[in-house]
Amino acid sequence: MELSEYAQDPYLIHPQTCSQDVENFPKIEFPDIVMYLVDTKSAYTMQQLKGYKGLDAYKYATCGWVKQVAVKVFGSYVVVLGKVLHSQRLNEPMLQPWIIAEKEGNICSAHCTCIAGLGEVCTHVGALLFTVELNVRDLEETTVTGKKAYWMPPSGKPAQPQRVSNIDFSVPKKRLPRDEPLTVRDKGQENIPSLSRTERQELLNLFASTSQGSAAHLITNPFAQSKKEERDQKKKHWITTLFSEDHIHKSL
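At position 183 of the sequence shown the residue is numbered 273 (my numbering), and the sequence of numbers has no breaks.
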């Protein structure tokens, strides 16, 4: 590969030497992503990557889980660096995928610091690819009177627990980019008083009368204790049904 003449590990590229200008991004399109994740042969195993799960990474990109995207140009090749939040452990250090692609969009190779990333394809690599594709597409769709390279990397603030009423559940596609700040949609829902102890107990009693109950019953006594005793009885029943006289003389 022509890129080998530069002989530089992507993880050793200093961020200050990179660019966040979308105009420097490789012109990656959706077919390029599918071709790489599914059909490309690994340089190590010569087998097709078949990373179908990587196609699910679109939601990672649109939900802002990809941070600090930057590129470094080496001749006709572009190295794309980025950081991606863990899917289940948002407060842990972010994963660091990188991509090597030609300027015209052909994807040559990729890597990630997650376990699956050693195989050159994972959800985080896919998320970085889709982030590049989304922003390149936005740039190309900008009119001549529009702002040049208006895309800004999402902030790297750690995720904190919030009330459901404060979480933005808007469709991801409409969230990129956001033209208006998040506002309370229903002014009548701003000041809803908390349930009193009596009201809460009445609500739990009402749910308890249903066949399934609710998750609150698993952590609230006396319902939680009753559920535990019910589970213990079922376990005892299961264990006794495993015994058979036919096997009593068999050795372990």
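For glycine and all other residues, C-beta sits at the position ideal for the given N, C-alpha and C.
query = When the Cα atoms are used, what is the spatial distance from F164 to E223?
reply = 20 Å
inquiry  = If the criterion is Cβ atoms closer than 7 Å, does the pair V159 and V174 meet it?
reply    = no
ask   = Q186: buried (16+ other C-beta within 10 angstroms of its C-beta) or exposed?
value = buried
task = Could you check what DSSP says for K193 in three-state terms: helix, strand or coil?
result = coil
query = By how many angstroms is the C-alpha of V169 removed from the C-alpha of T107?
reply = 12 Å
key: Limits of the alpha helix (DSSP H) - the one that K149 falls within   = 148 to 152
Limits of the alpha helix (DSSP H) - the one that Q158 falls within = Looking at the DSSP string, Q158 is not in any alpha helix (DSSP H); the run it does join, the beta strand (DSSP E), is 156 to 164.
ask   = Per DSSP, what kind of secondary structure is H201 in: helix, strand or coil?
value = strand
message = With H, G and I counted as helix, E and B as strand and the rest as coil, what does DSSP make of K318?
response = helix
request  = Tell me whether the beta-carbon of V161 lies closer than 7 Å to the beta-carbon of N114.
outcome  = yes
query = Hey, out of L219, N181, K318, T310, whose CA is closest to W188's CA?
reply = L219
query = Should Y167 and E194 be called a contact, given that it needs their Cβ atoms to be closer than 7 Å?
reply = no
request  = Closer than 8 Å by C-beta to F120: which residues in its own chain qualify, once you throw out the five before and the five after it? Chain order, please.
outcome  = E223
request  = Evaluate V226 with the Cβ neighbour count: other Cβ atoms within 10 Å of its Cβ, from every protein chain shown; 16 or more gives buried, anything less gives exposed.
outcome  = buried
ask   = Can you give the Cα-Cα distance for R290 and D228, rounded to whole angstroms?
value = 49 Å
ask   = In three-state terms, what does DSSP make of V211?
value = coil
message = Beta-carbon within less than 8 Å of T310's beta-carbon, same chain only, minus the 5 sequence neighbours each way: which residues are those?
response = L294
inquiry  = Let me confirm a value: Y101 is counted as buried when at least 16 other C-beta atoms fall within 10 Å, else exposed. Which label applies?
reply    = exposed
task = Could you say which of Q323, V128, Q250 lies nearest to V211 if we only look at CA atoms?
result = V128
Buried/exposed call for A314, threshold 16 Cβ in 10 Å = exposed
task = Enumerate in chain order the residues of its own chain whose CB-to-CB distance from D122 is below 6 Å, with the five nearest sequence positions on each side excluded.
result = G195, I197
ask   = How about A298 and G216: do their beta carbons lie closer than 7 Å?
value = no
ask   = Where does K173 fall in DSSP's three states?
value = strand
inquiry  = For L332 and Q323, what's the separation of their Cα atoms in angstroms?
reply    = 15 Å
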